[in-house]
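In my numbering, the protein residues as written are 471 to 604.
Now the structure itself:
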């Protein structure tokens with residue numbers, strides 16, 4: 471089983487140039503996560519499914535992948551993370567899901583983190599700050 475993250479709220483940091491890719495097929499959930507990260511100073515890119523996310527990963531520099539597991543168009547965040555890691559072996563990956571409480575280590579990429587839904591936006595910000603060294 472991979473590590474679950476329950477990060478405490480932390481004060482905002484200085485503006486950052488790191489890019490976080492948020493992959494979430496529920497528009498409101500995506501907007502909330504993206505807005506919280508952007509308010510913290512991260513550059514945020516969003517995608518509703520793995521196909522769109524893969525296009526972004528090929529065209530942009532991404533410093534952290536935050537992805538739902540079960541996505542639109544029968545795509546999935548676990549396969550997305552594996553593909554992303556083939557091209558960028560050190561890419562930090564954070565998974566989330568409302569349908570699962572954990573993610574077995576055998577399914578997840580090495581060193582990834584799982585955050586169950588519902589989560590607070592402050593949890594995602596604190597986690598990004600920790601992972602990206604802020």
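Here a beta-carbon is modelled for each residue, glycine too, at the ideal position from N, C-alpha and C.
- Our two residues, residue 498 and residue 576, have alpha carbons roughly 30 angstroms apart in a direct line.
- Secondary structure at residue 578: coil, using DSSP grouped into helix, strand and coil.
- CA-CA distance, residue 489 to residue 519, rounds to 18 angstroms.
- Contiguous alpha helix (DSSP H) elements confined to the region 505-571 occur at 520-529 and 547-557, taking only those with 4 or more residues.
- In the structure shown, residue 597 falls within a helical segment according to DSSP collapsed to helix, strand and coil.
- For residue 491, the enclosing beta strand (DSSP E) has its first and last residue at 489-493.
- Non-local beta-carbon contacts of residue 579 in its own chain, meaning distances under 7 angstroms to residues more than five positions away in sequence, involve 551, 552, 555 and 563 in chain order.
- Here residue 588 carries a coil assignment [DSSP, helix/strand/coil].
- Contact between residue 515 and residue 491 is confirmed by a C-beta separation of about 5 angstroms, below the 8 angstroms threshold.
- Separation of residue 545 and residue 494 (C-alpha to C-alpha, rounded to the nearest whole angstrom) is 11 angstroms.
- Here the C-alpha atom of residue 528 lies approximately 29 angstroms from the C-alpha atom of residue 589.
- A distance below 7 angstroms between beta-carbons, with the five flanking residues on each side excluded, links residue 538 to the following residues of its chain, in chain order: 493, 494, 495, 547, 566 and 567.
- Counting only residues of its own chain and dropping the five nearest sequence neighbours on each side, residue 513 has a CB closer than 6 angstroms to the CB of 489.
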